[in-house]
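First residue of the sequence shown: 5, per our numbering; consecutive thereafter.
Ideal Cβ positions, reconstructed from N, Cα and C, are used throughout, including at glycine.
Since we're looking at a predicted model, the values are computed, not measured.
In what follows, a structure is listed as structure tokens, so that the remarks can point back to it.
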Amino acid sequence: MCPCGNQIEYSRCCELFHKHQLPITDALTLMKSRYSAYVYANADYILNTTHPNKVHLHHKKDILNWAKANKWLKLEIISHNINTVEFKAYYFNNKMQLEVHHERSRFEQLNNKWYYLDAIYF
Numbered sequence: 005m006c007p008c009g010n011q012i013e014y015s016r017c018c019e020l021f022h023k024h025q026l027p028i029t030d031a032l033t034l035m036k037s038r039y040s041a042y043v044y045a046n047a048d049y050i051l052n053t054t055h056p057n058k059v060h061l062h063h064k065k066d067i068l069n070w071a072k073a074n075k076w077l078k079l080e081i082i083s084h085n086i087n088t089v090e091f092k093a094y095y096f097n098n099k100m101q102l103e104v105h106h107e108r109s110r111f112e113q114l115n116n117k118w119y120y121l122d123a124i125y126f
């Protein structure tokens, strides 16, 4: 099953976005595909889907370190609307302690493409 929570295989779900075969049609789909990218330590996808005005704030090495340092368990969508997704990502850290990353992400569409803009962390 795909890490994003859809009940289909990764190869028929988020992997299609990661390989640029399908356009992202909404903020929720982008958020879920970004979560799967963390599971698979796909920093290029994370950077390519970050808003062009914000991408300079993110570094590939840091994304890879955080993605690889954790064992990602589950994504829980709390709420979403046209450009905002609140979620919890459950994972074991490098000390095998269960943690929850709780975030409300904002997304923006530019030239018919969705991008991660910023977030509020809880």
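Residue j beta carbon less than 8 Å from that of residue i
i: Y120; j: S109; result: yes
i: I86; j: A31; result: yes
i: N46; j: H22; result: yes
i: S63; j: T54; result: The sequence shown places His at residue 63, not Ser. For H63 and T54, no; Cβs fall outside 8 Å.
i: S37; j: Y14; result: no
Candidates the options, of which the one nearest residue i by Cα
i: A123; options: L114, N116, K117 and H105; result: H105
i: W76; options: S15, Y14, E103 and E19; result: E103
i: G9; options: V43, K72, K58 and K117; result: V43
i: N116; options: F91, Q101, T29 and K65; result: T29
i: W118; options: V89, A73 and H60; result: V89
i: F91; options: M35, Q11, D48 and I12; result: M35
Euclidean distance between Cα positions of residue i and residue j
i: P7; j: F126; result: 22 Å
i: A93; j: K78; result: 6 Å
i: N98; j: I50; result: 21 Å
i: T33; j: F111; result: 11 Å
i: N69; j: P27; result: 27 Å
i: R16; j: H24; result: 13 Å
i: I67; j: A73; result: 10 Å
i: Q113; j: H84; result: 15 Å
In chain order, which continuous runs of the alpha helix (DSSP H) of length 4 or greater are located wholly inside the region 11-69?
Within the region 11-69, the runs of alpha helix (DSSP H) that reach at least 4 residues and sit entirely inside it are, in chain order, 18-22, 31-43 and 47-52.
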